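Trainee: Chains A and B supply the protein sequences, listed in that same order.
As numbered in the numbering used here, residues 1 to 233 make up the first sequence, in order.
As numbered in the numbering used here, residues 1 to 81 make up the second sequence, in order.
Note that the Cβ used here is the ideal one computed from N, Cα and C, for glycine as well.
Every value quoted in this text rests on a predicted model; they were computed, and no experiment measured them.
The structure that follows is given in the form of structure tokens.
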Amino acid sequence: MTARIGVVTFPGTLDDRDTQRAVRVAGGEAVPLWHRDKDLKQVDAVVLPGGFSYGDYLRAGAISRFSPVMETIIEQAKAGMPVLGICNGFQVLTEAHLLPGAMLRNTDLHFVCRDQKLRVETSGTAWTADYTAGQEISVPLKNIDGRYTADEHTLDALEAEGRVVFRYAAGAAADGYGNPNGSLRDIAGITNAAGNVVGLMPHPEHAVESLVGTGRTDGLGFFTSVLKKLVDA
Amino acid sequence: MARVVVDVMLKPEILDPQGQAVQRALPRLGFGGISDVRQGKRFELEVEGPVDEAALARIREMAETFLANTVIEDFNVKVES
């Protein structure tokens, strides 16, 4: 018995195939979902992958957030279904107000593409149970609109409620450390109050096999975490 | 047909590195005396039918839910004659 993980493809999505593969490597069944189709095909969880849906027109994620598939995902996410947004998927989740805050152009205006060191801040979400708080992982990062922003009140609340899931780990930039985009309080990923919806800018789906990506499998834990949760449930 | 213009600007407290880059380029181009630049978006909407209070209310709703992200941006709606 395994679980069915849906992976959404919007026009302009890039990382749907890698995400499907990551689900399979973790032992799950990957189910492709199409942006114009409201039907989630009875999946147990959904990943919104990275890319440039609708060309990032208007704002990254602003148009895809209103696609038919998102209507059902928003409804199901509020009912507790695990949802992970990676990069553009994170932008879609903030535009859909499933996660607080917003993403802006990187402070230095550069597109950043590198292996990035992250510190896991909490294992208390559907997608991070296989990590331990304080653990350092390395996964690829590639974005230009990755600057996480929220007002001070929201940031304080996120920290007080333990909803900052990942931070860019402090250290030398040459070694993949440091804040690559000017995100406030070094935030790389957050969760909703229930812990079922998680969004982050870096790409765990590109780090699930030792042959490719960072040469480490640090991203696999996202997918094994959710599968364990779903199979145990 | 009437035109309604929606201006969308980043909120004052939000850092605008694109505007800063434009501002920094100005002295080099011989345009002195500009202490700050903020970059925004302008939408020109060609409205079918009369631009009455009901039409403007719909446009404000459109701006609030779609054209602007009110977490980071403010918007202004005005009718052009």
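Do P140 (chain A) and Q116 (chain A) have their CB atoms nearer than 9 Å?
Mentor: Contact: yes.
Trainee: Quick one: what's got a C-beta closer than 7 Å to E44 (chain B)'s C-beta in the same chain, skipping five residues either side?
Mentor: The residues are R3, V5.
Trainee: What residues in its chain sit with their C-beta under 6 Å from that of A22 (chain A), if we drop five residues either side in the sequence?
Mentor: E205, V208, F223.
Trainee: Residues of chain A with CB closer than 9 Å to the CB of L15 (chain B), please, in chain order.
Mentor: Simply L104, T107, R147, T149, G182.
Trainee: May I ask you to list the residues that DSSP assigns as paired with Y168 (chain A)?
Mentor: For Y168 (chain A), which the question treats as bridged, DSSP gives the partners A:L118.
Trainee: For V309 (chain A), does the three-state DSSP call read helix, strand or coil?
Mentor: The question about residue 309 (chain A) has no answer, for chain A in this structure spans 1 to 233.
Trainee: Quick check for students: name the residue ranges of the alpha helix (DSSP H) that lie wholly in the stretch 52-97 of chain A, counting only runs of 4 or more.
Mentor: Fully enclosed alpha helix (DSSP H) runs of 4 or longer: 68-78, 88-95.
Trainee: For a quick check, are the C-beta atoms of K142 (chain A) and R114 (chain A) less than 9 Å apart?
Mentor: Yes, they are a contact pair.
Trainee: Which of the three DSSP states, helix, strand or coil, is assigned to V23 (chain A)?
Mentor: Three-state DSSP puts V23 (chain A) in a helix.
Trainee: Cβ atoms of I137 (chain A) and A112 (chain A): under 9 Å apart, would you say?
Mentor: Note that residue 112 (chain A) is Val in the sequence shown here, rather than Ala. No, these two residues do not count as a Cβ contact at 9 Å.
Trainee: For R163 (chain A), decide whether its Cβ has a neighbour in chain B, counting only Cβ atoms nearer than 9 Å.
Mentor: Chain B, which has no Cβ nearer than 9 Å to the Cβ of R163 (chain A), makes this no.
Trainee: Which one of A:A129, A:H110, A:A126 has the shortest CA to CA distance from N181 (chain A)?
Mentor: For the residues A:A129, A:H110, A:A126, the minimum Cα distance to N181 (chain A) belongs to A:H110.
Trainee: Of the residues A:A194, A:K229, A:E95, A:D18, which one's Cα is nearest the Cα of D56 (chain A)?
Mentor: The residue with the shortest Cα to Cα distance from D56 (chain A) is A:E95.
Trainee: With distances taken Cα to Cα, identify the nearest neighbour of F52 (chain A) among A:F90, A:E121, A:E71, A:D37.
Mentor: Measuring from the Cα of F52 (chain A), the nearest candidate turns out to be A:F90.
Trainee: Please classify R28 (chain B): does DSSP put it in a helix, a strand, or coil?
Mentor: Three-state DSSP puts R28 (chain B) in a helix.
Trainee: Where does the unbroken alpha helix (DSSP H) through M62 (chain B) begin, and where does it stop?
Mentor: 53-62 is the extent of the alpha helix (DSSP H) around M62 (chain B).
Trainee: Is it the case that the stretch 123-134 of chain A contacts the stretch 168-182 of chain A, given that we only count it when at least three CB pairs across the two stretches are under 8 Å?
Mentor: With the cut-off at 8 Å, the stretch 168-182 of chain A and the stretch 123-134 of chain A do not touch.
Trainee: Would you check if the distance between the CB atom of N69 (chain B) and the CB atom of D7 (chain B) is smaller than 9 Å?
Mentor: No; because the gap between Cβ atoms is not below 9 Å, this pair is not in contact.
Trainee: What three-state label does DSSP hand T224 (chain A) in the structure shown?
Mentor: Of the three classes helix, strand and coil, the one that applies to T224 (chain A) here is helix, per DSSP.
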